[in-house]
Amino acid sequence: MSWEANVRKVEPYVAGEQPKDHNIIKLNTNECPYPPAPGVAKRAEEMNCGDLRLYPDMNAEKLVNSLSEYYHVDPAKIFVGVGSDDVLAMSFMTFFNSDKPILFPDITYSFYDVWAELYRIPYKTCALTDDFHMKKEDYMVPNGGVIFPNPNAPTGVLESVDMIEEIIRENRDVVVIIDEAYVDFGGESVLPLIDKYDNLLVVQTFSKSRALAGMRIGFAMGSEKLIGYLKDAKFSFNSYTLNMPAIEMGVEAVKDDAYFKKTVNRIIATRERVKGELKELGFDFTDSKSNFLFATHKTVPAGELFRVLKENGIYVRYWNKKRIDNRLRITIGTDEQMDRLISFLKEYLK
Ligand SMILES: *Cc1c(COP(=O)(O)O)cnc(C)c1O
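Using the numbering used here, read the sequence shown as starting at 690 and increasing by one per residue.
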């Protein structure tokens, strides 16, 4: 028998491309088109690199405290990680250990099934409706845990806090994780519910609305008990905590709330304007409450549009997957970037 029989084999997550050419209009990975808060650059300049010889604070206390102040949540109820992907992967390992399947939507963040496979967690996907909404009854069956993004990705569709609370209420015997990577772009967070339900974990990230994807900062908020278990697993499993610059710059990003709100509102305004213009070109899309659109054209197939856009230096995301193979996920860029996208499409669709 070959040693390969004993290898833990995984089919890895496939991220959107990161092209080297800076002329490319990059609307494929939901990054923020604007730079992080000015305080971040200032802090980077002032940083004492001599301190890098020391290990970072493994509790990232400074960052936890600034999040605590910003969200009015006790520091003991906050966990930080190297991007929310780290927080989520750690949560899968810590909280999803049942023989019963965990539940998530059939169309959702494509990391969930990868982690489930990696950790050998049984899972079952629940079909979204034709307009990409969740059916709450699907999540009211025996299960080993529940996870979904709100707004969902790549659909951009937002579910109400009331509906999510119903799902949590029916699932008090498992952990329910709400992945709020895009909630700042017009969604309503379920954060206030963490004091009511000790099995609710709310996960957010600095990668999208706070323009720090390159820094890798994510965090989770939940009951002290839940966060305690997460910390136990993290400190037993890995010592790659947030690095020192990430802690410092994360603090700066949280500090400048005016800049944060201005940036987010700018992206929302661009999103709504672009919706109107794409509609005129024959596109249809969900009512996205995120920093991307999930669009389909009435005559031209998405696969073709994806290809010609790419050939012309405009990168968007496309999945050749059942139910979504005629859709493009288009990140909201700057107004100038979106104008170039629209004028190209105008010309091409003529
Ligand atoms: C982008 C994204 C994340 C993770 O982002 P990080 O950069 O790892 O913080 C998590 N969930 C969803 C749904 C996302 O789209």
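Where a beta carbon is used, it is the ideal one built from N, C-alpha and C, also for glycine.
* **Whole-angstrom distance between R697 and L847, CA atom to CA atom** => Cα to Cα, the separation comes out at about 36 angstroms.
* Pair within 9 angstroms by beta-carbon distance, V776 and V769 -> yes
* Rounded separation between S878 and E734 - CA only -> 34 angstroms
* To do: Have a look at T718, L756, V703, E750 and flag the residue whose alpha-carbon is nearest the alpha-carbon of D945.
  => L756
* **E758 versus E993 - alpha carbon distance** => 48 angstroms
* Hey, is the segment 812-823 in contact with the segment 1023-1034, meaning 3+ C-beta pairs nearer than 8 angstroms? -> no
* Is there contact between the segment 722-732 and the segment 866-876, where contact requires at least three CB pairs shorter than 8 angstroms? -> Below 8 angstroms, too few C-beta pairs join the segment 722-732 and the segment 866-876 to call them touching: fewer than three.
* Please classify M782: does DSSP put it in a helix, a strand, or coil? => helix
* Hey, could you find the ends of the beta strand (DSSP E) R1018 is sitting in? => From DSSP, the beta strand (DSSP E) with R1018 extends over 1017-1020.
* **Beta bridge counterpart(s) of H986 as assigned by DSSP** => F972
* Do you know whose CA, among G834, M852, S925, A765, lies nearest P811's CA? -> G834
* **Continuous beta strand (DSSP E) stretch holding A992: start and end** => Note that residue 992 is Gly in the sequence shown, not Ala. Segment 991-1000 is the alpha helix (DSSP H) holding G992; no beta strand (DSSP E) there.
* Asked: Quick one: is the Cβ of F800 within less than 8 angstroms of any heavy atom of ligand 1?
  -> yes
* Exposed or buried, M779, counting other C-beta atoms within 10 Å across all chains shown (16 or more means buried)? -> buried
* Asked: Can at least three beta-carbon pairs, one atom from the segment 789-805 and one from the segment 819-836, be found at a separation below 8 angstroms?
  -> yes
* N719: CB within 8 angstroms of a non-hydrogen atom of ligand 1 -> yes
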